[in-house]
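S.K.:
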Amino acid sequence: MLETIGIDQSTHDVYRSLLLHPSWTLEDIARETGLAEADVRAALDRLTQLSLLHEAAGHQFVPVSPEIILSPLLQRREAELDEQRARLSQERAALAALTSDYANMAAHRVDSGVERLEGVDAVRVRLMELAHQARIDVRTFVPGGALSAAALEAGRPLDEQHLSRGVRMRTVYLDSVRNDQPTVEYANWLASRGGETRTVPALPMRMILSDHTTAVIPIDIDDSRKGALLIRYPGMVRALEELFDMVWENAVPLGSAPQDAPPDAPTDREAALLKMLAAGLTDEGIARKMGVSLRTVRRNTADLQRRLGVQSRFQAGAEAVRRGWL
Numbered sequence: 001m002l003e004t005i006g007i008d009q010s011t012h013d014v015y016r017s018l019l020l021h022p023s024w025t026l027e028d029i030a031r032e033t034g035l036a037e038a039d040v041r042a043a044l045d046r047l048t049q050l051s052l053l054h055e056a057a058g059h060q061f062v063p064v065s066p067e068i069i070l071s072p073l074l075q076r077r078e079a080e081l082d083e084q085r086a087r088l089s090q091e092r093a094a095l096a097a098l099t100s101d102y103a104n105m106a107a108h109r110v111d112s113g114v115e116r117l118e119g120v121d122a123v124r125v126r127l128m129e130l131a132h133q134a135r136i137d138v139r140t141f142v143p144g145g146a147l148s149a150a151a152l153e154a155g156r157p158l159d160e161q162h163l164s165r166g167v168r169m170r171t172v173y174l175d176s177v178r179n180d181q182p183t184v185e186y187a188n189w190l191a192s193r194g195g196e197t198r199t200v201p202a203l204p205m206r207m208i209l210s211d212h213t214t215a216v217i218p219i220d221i222d223d224s225r226k227g228a229l230l231i232r233y234p235g236m237v238r239a240l241e242e243l244f245d246m247v248w249e250n251a252v253p254l255g256s257a258p259q260d261a262p263p264d265a266p267t268d269r270e271a272a273l274l275k276m277l278a279a280g281l282t283d284e285g286i287a288r289k290m291g292v293s294l295r296t297v298r299r300n301t302a303d304l305q306r307r308l309g310v311q312s313r314f315q316a317g318a319e320a321v322r323r324g325w326l
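Residues 1 to 326 (UniProt numbering) make up the sequence shown, in order.
(1) Between the segment 275-285 and the segment 168-177, are three or more C-beta pairs nearer than 8 Å?
(2) How about Leu-74 and Leu-230: are their beta carbons less than 9 Å apart?
(3) Taking the CB atoms as reference points, tell me whether Phe-141 and Ile-221 lie closer together than 9 Å.
(4) Where DSSP assigns a beta bridge to Ser-164, which residues make up the other side?
(5) Restricting to Cα atoms, I'd like to know which of Met-205, Ile-219, Pro-72 and His-12 is closest to Ala-228.
(6) With distances taken between CB atoms, is the gap from Thr-197 to Leu-147 smaller than 9 Å?
(7) Beta-carbon within less than 8 Å of Val-14's beta-carbon, same chain only, minus the 5 sequence neighbours each way: which residues are those?
(8) Just curious, the alpha helix (DSSP H) that Gln-133 is in, first and last residue?
(9) Determine the direct distance from the alpha carbon of Arg-92 to that of Gln-181, and round the result to whole angstroms.
(10) Kindly identify the DSSP beta-bridge partner or partners of His-54.
(11) Give the secondary structure of Ser-210 by DSSP, where H, G and I count as helix, E and B as strand, and everything else as coil.
(12) Could you check the C-alpha separation between Ala-287 and Ile-136 for me, to the nearest Å?
(13) Identify whether Pro-182 lies in helix, strand or coil by the three-state DSSP scheme.
(14) Should Asp-159 go down as buried or exposed, given a rule of 16 or more other Cβ atoms within 10 Å for buried?
(15) Need the endpoints of the beta strand (DSSP E) that Leu-229 sits in, please.
(16) Could you tell me which of Arg-225, Ala-271, Leu-203 and Leu-254 sits nearest to Leu-243, measuring between CA atoms?
(17) Which residue or residues does DSSP assign as beta-bridge partners of Pro-218?
(18) Could you check if Ser-210 is buried or exposed, using at least 16 other CB atoms within 10 Å of its CB as the buried criterion?
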């Protein structure tokens, strides 16, 4: 209990032994306390330095009242603690002022429930804040293919915080991540802690929904570097939640194989590709939405045309309509 003023347990035991047995020598103390003689000597030296002992003739040690010596030391320690408390109080007040200033700044950025976050860094900061604030539910669209193992590991601490405090986590990736071992392993880790992960052939955009109150979507779907919109309009958040739920219901849990379709039916990937071709998306746009390379899109399109027995994309669309695929 007195370590802060230099009296450890061994020193305490030696001093107490001398209070009870003033005639004991160094050898007596070592024998009765079980301490090595070197440790007893070190304790005696420390007590002498603190003026708690005087060495008399004949290797005898005379204890000095602890109140006389230690009270001033404890008073100085109390004064130091009072100074620390005062500084801590000042730091707490400064933090409160900074927090208030930040809240005021954030309020000025918000325009009727929509906050515009310019650039990647601004988005990253706000997402960190939302992650720490989430208490109920986090839903995420992750387009663009598999994340690197480093990116997955960087997100693990926040995900673990979410799950440890009972936040329900649902994430939708693209089907292309099923061939990525780090992503599959990460999804298994999430599942072991209550997280849910599914995949679909294509996603409309990157999106994060938090606690039924906040949505984050890109300013430009084709260029996430431009920043994001943080939306708090209840109606808009609800609409985006409905979009997520529609995609979620048709997504396949990661770790499960898609259900077998009738022989003549298009695969999920083919159906998504047909819809995007019919919508007039370029190969580059399709590649972004499906999280695959441009070469893969063109190969899949050629394979689809061969399966339908046609020579052009226009003919593929017409044949898909005839078969009821669109």
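Every residue, glycine too, gets a C-beta built ideally from N, C-alpha and C. If you're wondering where the values come from, they're calculated on a predicted model, not measured in any experiment.
M.R.: Taking the definition as stated:
(1) no
(2) Along the sequence shown, one-based indexing puts residue 74 at 74. Along the sequence shown, one-based indexing puts residue 230 at 230. Cβ distance not < 9 Å, so Leu-74 and Leu-230 don't count as in contact.
(3) As a position in the sequence shown, residue 141 is number 141, starting the count at 1. As a position in the sequence shown, residue 221 is number 221, starting the count at 1. No, the Cβ-Cβ distance between Phe-141 and Ile-221 is not below 9 Å.
(4) Counting from 1 along the sequence shown, the entry for residue 164 is found at position 164. Looking at the DSSP assignment, Ser-164 forms no beta bridge with any residue, so it has no partner.
(5) The residue you call residue 228 lines up with position 228 of the sequence shown. Per the Cα distances, Ile-219.
(6) Locating residue 197 in the sequence shown gives position 197, counting from the first residue. Locating residue 147 in the sequence shown gives position 147, counting from the first residue. Against a cut-off of 9 Å, the Cβ pair of Leu-147 and Thr-197 comes out as no contact.
(7) Against the sequence shown, residue 14 aligns to sequence position 14. Cβ neighbours of Val-14 beyond the five flanking positions: Ile-29, Thr-33, Leu-35, Val-40, Ala-43, Leu-44 and Leu-47.
(8) The residue labelled residue 133 in the question sits at position 133 within the sequence shown. Gln-133 -> alpha helix (DSSP H) spans 119-133.
(9) Reading the sequence shown from its first residue, position 181 is the one you call residue 181. Reading the sequence shown from its first residue, position 92 is the one you call residue 92. One C-alpha to the other measures close to 46 Å.
(10) Start at 1 with the first residue of the sequence shown, and residue 54 comes out as number 54. BP columns for His-54 point to Val-62.
(11) Here the question's residue 210 lines up with position 210 in the sequence shown. Correct three-state label for Ser-210: strand.
(12) Taking the first residue of the sequence shown as position 1, residue 287 is located at position 287. Taking the first residue of the sequence shown as position 1, residue 136 is located at position 136. So the alpha carbons of these two residues sit roughly 34 Å apart.
(13) Against the sequence shown, residue 182 aligns to sequence position 182. Reduced to three states, the DSSP call for Pro-182 is helix.
(14) Looking up residue 159 in the sequence shown gives position 159. Classification of Asp-159: buried, given that the 10 Å Cβ count is 16 or more.
(15) Start at 1 with the first residue of the sequence shown, and residue 229 comes out as number 229. Leu-229 -> beta strand (DSSP E) spans 227-231.
(16) Here the question's residue 243 lines up with position 243 in the sequence shown. Of the listed residues, the one whose Cα sits closest to Leu-243 is Leu-203.
(17) As a working note, residue 218 is residue 218 in the sequence shown. Bridge partners of Pro-218: Ala-228.
(18) The residue given as residue 210 occupies position 210 in the sequence shown. Ser-210 should be labelled buried.
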